[in-house]
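In order, the protein sequences belong to chains A and B.
For what it's worth, this note's numbering labels the leading residue of the first sequence as 11, then goes sequentially.
For what it's worth, this note's numbering labels the leading residue of the second sequence as 3, then goes sequentially.
Idealized CB from N, CA, C, for every residue including glycine.
Predicted, not measured: the structure shown is a model, and the values here were computed from it.
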Amino acid sequence: MSAKRQKRKQPLPAPGEWTFELIEAYHAEIDRVARNYGLDTYPNQIELITSEQMMDAYSSVGMPVNYHHWSFGKSFLQTEKGYRRGQMGLAYEIVINSNPCIAYLMEENTMTMQALVIAHAAYGHNSFFKGNYLFRQWTNADAIVDYLLFARNYLSECEERYGEEEVELLLDSCHALMNVGVDRYKRPAKLSLTKELTRQRERAEYLQSQVNDLWRTLPAQQIKTQTVEARRFPPEPQENLLYFIEKNAPLLEPWQREVVRIVRKIGQYFFPQRQTQVMNEGWATYWHYTLINTLFDEGLLTDSFMMEFLHSHTNVVYQPAYNEPWYRGLNPYALGFAMWQDIRRICEHPTDEDRYWFPDIAGSDWRETFDFAMRNFKDESFIAQFLSPKVMRDFRLFAILDDDHEGKLKVSAIHDEAGYRKVREILSDNYNLGSREPNLQVWNVDLRGDRSLTLRHQAYLRRPLSDSSEEVIKHVARLWGFAVKMEVAHEDGRVEVLYERHQDRRKTDKN
Amino acid sequence: MVRIIDRRFDSKNKSAVNRQRFMRRFKGQIREAVADAIAGRSIKDLDNGESVSIPSKDLSEPQFHHGRGGIWETIFTGNDQFSSGDQINRPQGGGGGGSGKGKASKEGEGEDDFVFNLSREEFLDVFFDDLALPNLVKTQLARIQEYKSQRAGFTNDGTPANINVVRSLRGALGRRLALASPYQGRLRDLQKQLEELRETLPEDDPEIIRLKDEIGVLRAKIEAIPFIDSFDLRYNNRVKIPKPTTQAVMFCIMDVSGSMDEGKKATAKRFFMLLYLFLTRTYEHIEVVFIRHHTVAKEVNEEDFFHSRESGGTVVSSAIELMKEILHQRYLNGAWNVYGAQASDGDNWENDSPHCRELLADTILPFLQYFAYIEITPGEPQNLWREYEKLVGAHDNFAMQHIEGLPDIYPVFRELFKKKLA
């Protein structure tokens with residue numbers, strides 16, 4: 011390395027203040043090194059913004075455009091308060107999974123921080139967005155910005171036509187269902203602005219006719235209880251509540267269906283991010299660390315630059331222990347960074363233990379293994395596959411079993427030979443959205459009776475629903491327009507009704 | 003290829019719309035917070051925003067989550083003492099390494115109130131909203147254009163009353179000196195020649211006689227210069243400059259007898275605040291005199307004024323009497339603009355009301371810019387109202403209003419502002 015170092019000429023200047031020329035110079039060097047490592051990215055678009063704009067971006071869930079809603083105002087106020095009082099710093103960067111990949115850099119950052127952020131966001135996250143299967147399948151980087159634009163315009167049109175309040179209430183209800191509005195297994199259709207626009211009208215008409223057809227067999231007023239064995243609808247339970255409502259809620263206007271769809275699409279877009287926190291942040295952290303160190307080895311960076319860089323990096327990957335007051339669970343940056351570093355170690359310098367645990371990758375080419383891991387896993391499977399005993403020991407991981415029928419907590423496994431597999435399994439499950447979030451299904455619609463909708467919570471390990479669920483049921487009822495029932499199916503087979511919400515929109519149009 | 007874009011000068015406040023929506027959505031809570039703030043504030047303190055706190059359960063965005071309970075198995079870091087199979091007591095109060103904490107935190111954290119700051123403008127907006135102020139008044143709290151005449155040097159013409167004697171005489175003196183100076187010079191020469199000739203020539207020498215004659219002529223000429231001329235006159239010049247008068251005193255009179263409950267006092271407080279706010283637009287310095295009364299009146303500080311409880315009957319004239327005394331003692335030296343504001347539930351000792359009216363009409367209203375009376379009562383006007391009604395036509399600086407709710411307050415001031423806005 012030192013021989014290489016002498017070859018290079020002057021190191022890049024590292025003043026406190028950045029300039030556009032310097033950002034370009036640093037970017038060029040980072041880009042060159044990243045290409046050498048084979049990182050495949052979308053083209054970059056780097057935007058310099060003020061802290062105020064950063065807070066704006068925060069509050070509209072990081073999106074450059076978004077529709078208006080009070081909840082974004084709320085989160086802006088929250089962010090602003092925290093920032094002004096110095097309780098929290100703003101993230102140094104926000105990066106958007108779009109093509110070109112937009113990275114926001116804050117004006118307040120020093121030159122060192124800008125370089126770190128470029129490496130982290132514009133190369134780390136960017137390449138992850140482009141490569142990981144979840145993002146490839148679920149999101150459409152080419153169309154997202156256009157789609158958001160379409161959504162905002164459509165919603166403001168709705169506001170003009172039907173009143174802000176009407177739209178706001180509808181959005182409230184949709185937001186409440188956002189996390190049960192995703193298809194977990196089906197691939198969504200591609201988004202495109204022009205298609206969206208041209209097809210939106212015919213879709214509205216078509217949907218409406220379909221819905222009416224569904225109810226045509228019903229007598230308009232008299233509702234009798236039929237003895238005939240009712241046809242089940244939906245034939246199979248549905249997991250995507252918003253989709254089901256969009257397609258089947260009997261009383262929604264076409265524009266309301268479109269709004270449900272917009273919220274559903276945006277929720278779907280963020281779904282992969284929620285499933286790849288450890289991997290994605292770890293990946294970006296690994297790459298900013300590696301790229302900047304490579305530049306330093308080439309002699310392009312000054313010592314003072316490196317001191318500042320290491321200081322920030324160390325803060326990012328700090329992991330407090332369980333009994334420290336600032337413990338907030340596992341730090342995804344720390345865990346992810348450690349795991350990616352460890353994978354490279356296993357590839358380059360495997361121990362006997364590694365050969366036993368990872369026969370496939372021990373001693374393999376690290377770049378290829380990285381690429382494979384980055385493309386084909388999400389947090390849950392990534393941890394199940396790659397968490398090594400060494401990382402478990404380094405983090406001193408241990409598992410606590412909390413059973414509310416037992417008086418005491420139990421340590422079910424620790425970082426020892428007997429516990430490695432168990433710890434790894436539990437940690438993997440901790441990152442499994444399927445077990446972290448309640449399993450809810452659209453169970454039945456009483457087609458021949460009162461048109462009520464039944465949702466079912468399949469309980470798992472006796473975990474109950476939180477109290478806020480009752481509020482959510484009200485939102486479901488508002489969208490559905492008729493009574494909504496919430497049942498819970500216990501593991502022993504018992505089914506009981508949790509909440510019931512009566513609603514008849516034909517009589518009280520607003521509620 | 004990279005594109006680097008400078009967005010720093012793009013439109014700021016992208017979230018302004020969202021903030022507005024948020025404010026509208028929680029108008030009820032914000033209004034309550036403002037009402038609380040008003041109750042806690044001094045009536046002079048209207049120039050600050052307010053931090054508003056909303057119970058977070060009101061603005062939660064509910065979603066389906068797991069609640070506490072059931073079986074959870076969670077991974078923690080930094081094991082320093084545990085081995086497999088250890089039993090641990092549950093940590094109390096959710097601190098430390100409680101299992102399942104990660105799941106419940108979404109609800110668990112939500113207990114604190116959501117606090118944010120209203121700017122001064124937003125605060126006043128809500129305040130005004132309650133009082134149903136017309137927009138014109140909100141935006142144009144007009145200043146009184148009072149003219150004050152001020153000296154501005156001297157002029158050559160004016161009324162005799164404004165003649166400035168010193169200036170005029172000084173001018174005259176100068177003029178006399180100036181006009182006489184050629185003669186004086188010649189006179190001195192001639193007198194000198196005369197002295198010299200007298201030493202050599204007899205008194206009746208024709209030369210001396212000629213000099214004497216000439217001197218006499220010059221003397222006469224000097225005498226003929228007028229002592230004062232219309233040309234010399236200087237008048238004090240006074241110009242009128244529009245100037246906000248800078249001082250005002252505001253009398254707040256409130257009935258604190260048993261029948262005035264907290265709600266009525268709160269309404270009265272808004273009324274006093276509003277008047278104060280209007281006055282701040284006009285005057286630099288405002289003093290507030292608080293007089294509370296039941297059967298006897300007392301000058302108190304603001305704290306006692308709004309918060310101490312009294313009971314018993316009501317004799318309004320005691321307060322009017324006290325106001326008169328204070329007014330005449332302290333504020334009638336011409337330097338003060340005097341405003342009066344009285345709030346009561348109108349329930350007065352029957353024989354006292356006519357006395358109040360007379361006191362007001364004779365000893366107070368002539369010195370006041372404005373006197374406003376509000377009667378806070380849900381029912382029929384009381385006897386004080388009927389007496390005061392007689393004042394309305396006769397004094398255009400007197401206004402009264404019967405109030406049931408906050409929006410009724412504003413009309414009291416309507417006349418006042420009509421005048422000012424004109």
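Distance between beta carbons of residue j and residue i, contact taken as under 8 Å
i	j	result
Phe138 of chain A	Asn290 of chain A	5 Å
Leu393 of chain B	Gly348 of chain B	Actually they do not touch by this definition, with Cβ atoms about 14 Å apart.
Tyr341 of chain B	Lys46 of chain B	At roughly 14 Å, the Cβ-Cβ gap does not stay under 8 Å, so Tyr341 of chain B and Lys46 of chain B are not in contact.
Asp381 of chain A	Ala372 of chain A	Not confirmed; about 17 Å, so no contact.
Pro74 of chain A	Phe66 of chain B	So it is not a contact: roughly 29 Å between Cβ atoms.
Ser108 of chain A	Ala67 of chain A	Going by Cβ atoms, the distance from Ser108 of chain A to Ala67 of chain A rounds to 13 Å, so no, they are not a contact pair.
Tyr285 of chain B	Asn339 of chain B	7 Å
Host alpha helix (DSSP H) of residue i (start-end)
i	result
Gln266 of chain A	Pro264 to Gln285
Ile255 of chain A	Leu251 to Asn258
Thr122 of chain A	Met121 to Val127
Arg406 of chain A	Element bounds for Arg406 of chain A: n/a, residue is neither H nor E.
Val348 of chain A	According to the sequence as given, residue 348 of chain A is Ala; it is not Val. Per DSSP, Ala348 of chain A belongs to the alpha helix (DSSP H) from Pro342 to Glu358.
Val167 of chain B	Val167 to Thr202
Ser479 of chain A	Ser478 to Trp490
Ser346 of chain B	Premise fails: Ser346 of chain B lies in the beta strand (DSSP E), Asn339 to Ser346, not in any alpha helix (DSSP H).
Lys29 of chain B	Lys29 to Gly42
Residue-chain proximity (residue i, chain A), Cβ-Cβ < 9 Å
i	result
Lys29 of chain B	no
Tyr412 of chain B	no
Asn91 of chain B	yes
Ser121 of chain B	no
Gly69 of chain B	yes
Glu113 of chain B	Here the model assigns Glu113 of chain B a pLDDT of 47, short of 50, so the residue's position is not dependable and the matter cannot be decided.
Gly51 of chain B	no
Gln22 of chain B	yes
Met252 of chain B	no
Phe118 of chain B	yes
Asp127 of chain B	no
Met25 of chain B	yes
Cross-chain neighbours of residue i in chain A, by beta carbon under 8 Å
i	result
Thr76 of chain B	Ala409, Ile410, Asp412, Ile436 and Asn440
Ser17 of chain B	Met65, Asp66, Ser69, Ser70, Phe82, Gly83 and Phe86
Asp88 of chain B	Lys420 and Val421
Within-9 Å CB hit, residue i to chain B
i	result
Leu252 of chain A	no
Pro23 of chain A	no
Leu489 of chain A	no
Asp426 of chain A	yes
His485 of chain A	yes
Neighbour list for residue i in chain B, Cβ cutoff strictly below 8 Å
i	result
Glu34 of chain A	Val4 and Ile6
Phe405 of chain A	Thr79 and Gly80
Chain-ordered neighbours of residue i on chain B, where CB pairs are closer than 9 Å
i	result
Val433 of chain A	Ile77
Glu249 of chain A	Ordered by position in chain B, no residue passes the 9 Å Cβ test against Glu249 of chain A, which lies about 12 Å from the chain.
Residue i: CB within 8 Å of a non-hydrogen atom of the ligand NAD
i	result
Ser259 of chain B	Here there are no bound small molecules, and the ligand NAD is not part of this structure.
Limits of the beta strand (DSSP E) - the one that residue i falls within
i	result
Ser58 of chain B	Taken as a continuous stretch (DSSP letters only), Ser58 of chain B belongs to no beta strand (DSSP E), as it is neither H nor E.
Arg70 of chain B	Neither: Arg70 of chain B is in no beta strand (DSSP E) and is coded neither H nor E.
Met496 of chain A	Val494 to Ala499
Val455 of chain A	Asn449 to Val455
Leu465 of chain A	Leu463 to Gln468
Gln249 of chain B	Gln249 to Asp257
Glu509 of chain A	Contrary to the premise, residue 509 of chain A reads as Tyr rather than Glu in this sequence. Note, Tyr509 of chain A: beta strand (DSSP E), Val505 to Arg511.
Val117 of chain B	Phe116 to Leu120
Where residue i meets chain A, residues with beta-carbon distance less than 7 Å
i	result
Asp38 of chain B	Those within 7 Å of Asp38 of chain B in chain A number zero; the least Cβ separation is about 19 Å.
Per-residue contacts from residue i into chain B (C-beta, under 7 Å)
i	result
Gln451 of chain A	Within 7 Å Cβ-Cβ: nothing; Gln451 of chain A doesn't reach chain B, min ~12 Å.
Gly346 of chain A	Ordered by position in chain B, no residue passes the 7 Å Cβ test against Gly346 of chain A, which lies about 14 Å from the chain.
Val482 of chain A	Pro64, Gln65 and Phe66
Listed in chain order, which residues of the segment 53–65 of chain A have Cβ atoms closer than 9 Å to some Cβ of chain B? Pro53, Asn54, Gln55, Ile56, Glu57, Leu58, Ile59, Thr60, Glu62, Gln63 and Met65
When Cβ atoms are compared, which residues of the segment 53–65 of chain B fall closer than 8 Å to chain A? Leu61, Ser62, Glu63, Pro64 and Gln65
Interface residues of the segment 345–373 of chain B facing chain A [CB-CB below 9 Å]: none
Any residues in the segment 254–275 of chain B with a beta carbon nearer than 8 Å to a beta carbon of chain A? Which ones, in chain order? none
Interface positions of the segment 487–513 of chain A facing chain B (Cβ-Cβ less than 8 Å), listed along the chain: none
Against chain B, which members of the segment 275–289 of chain A pass a CB distance test of less than 9 Å? none
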